[in-house]
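First residue of the sequence shown: 93, per this note's numbering; consecutive thereafter.
Heads up, the beta-carbon is just placed ideally off N, CA and C, and yes, glycines get one too.
Keep in mind the model is a prediction, meaning the values are calculated, not measured.
Heads up: the structure comes next, in structure tokens.
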Amino acid sequence: MDNRAVDVVNLFEDDWDNRRDRPGWQWNHMSVGERVGAELIGASVYEIEPGQKTFPYHWQYVEEELLIVLDGEPTLRTPEGERRLTRGDAVVFRRGPEGAHLVRNDTVDPVRILMLSTPSQLEIAEYPDSDKIGVFAKGLRLLVRRESSVDYFDGEE
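Here is the structure:
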């Protein structure tokens, strides 16, 4: 029997782990999964400032994500278009181009969302608006434009 204590995190507290201050992309972030010791579920709360976005429009190769609106009315962009979400709405972002998404706050009040994911040691994401590809692994964060691709044997002798 495992005798570890159960960690509890309140999703409505303002005890943030970090903040992004880049204009257009400002938000507070809470690493819920890490705080409760999750091993197979990624979970983060984001509070998005009015007029701001979470991340550029993207889709992933490995991880599937589930968004749950905790408070406010974020605008969701997907390949099907845009729609306003309300408190309690949940939506999944599947792997591949059909799961492309961007979340922004077009309201005058902060928006709070919970993002759940299937974490992995390696993630690859595509950013169709800017034609970038991102590769993310422990100790590696590489973002390149698709046009910068080189031949497989480039630089090899």
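What whole-angstrom Cβ distance do residue i and residue j have, given they're in contact under 8 Å?
i, j, result
"ASP198", "TYR149", "Contact doesn't hold; Cβ gap of about 15 Å is too wide."
"VAL137", "LEU168", "Contact flag wrong, Cβ pair sits at about 17 Å."
"GLU165", "THR178", "5 Å"
"GLU155", "PRO211", "7 Å"
"VAL128", "LEU159", "The Cβ separation is near 19 Å, so there is no contact."
"ASP107", "SER123", "Wrong, their Cβ atoms sit about 11 Å apart, outside the cutoff."
"GLU141", "TRP119", "6 Å"
Assign residue i to one of three DSSP states: helix, strand, or coil.
i, result
"GLY143", "coil"
"PHE245", "coil"
"ARG127", "helix"
"GLU157", "strand"
"GLY188", "coil"
"LEU162", "strand"
"LEU114", "It should be noted that the sequence gives Arg, not Leu, for residue 114. If DSSP states are grouped into helix, strand and coil, ARG114 belongs with coil."
"LEU177", "coil"
Could you pull the DSSP bridge partners for residue i from this structure?
i, result
"ILE225", "GLU218, VAL236"
"ARG152", "Rather than Arg, the amino acid found at residue 152 in this sequence is Gln. Note: GLN152 sits in a beta bridge opposite ALA217."
"TRP108", "Answer is none; TRP108 lacks a bridge partner."
"ASN206", "At residue 206 the sequence reads Leu, which differs from the Asn that was named. Beta-bridge pairing links LEU206 to VAL137, ILE160."
Can you have a look at residue i and say buried or exposed, based on whether 16 or more other CB atoms are within 10 angstroms of its CB?
i, result
"GLY125", "buried"
"LEU232", "exposed"
"GLN144", "buried"
"PHE161", "It should be pointed out that residue 161 corresponds to Val in this sequence rather than to Phe. Buried, by the Cβ-count rule."
"LEU234", "exposed"
"PHE185", "buried"
"MET93", "Per-residue confidence for MET93 stands at a pLDDT of 48, beneath the threshold of 50, marking its modelled position as unreliable; the derived number appears in the next sentence. Per the 10 Å Cβ criterion, exposed."
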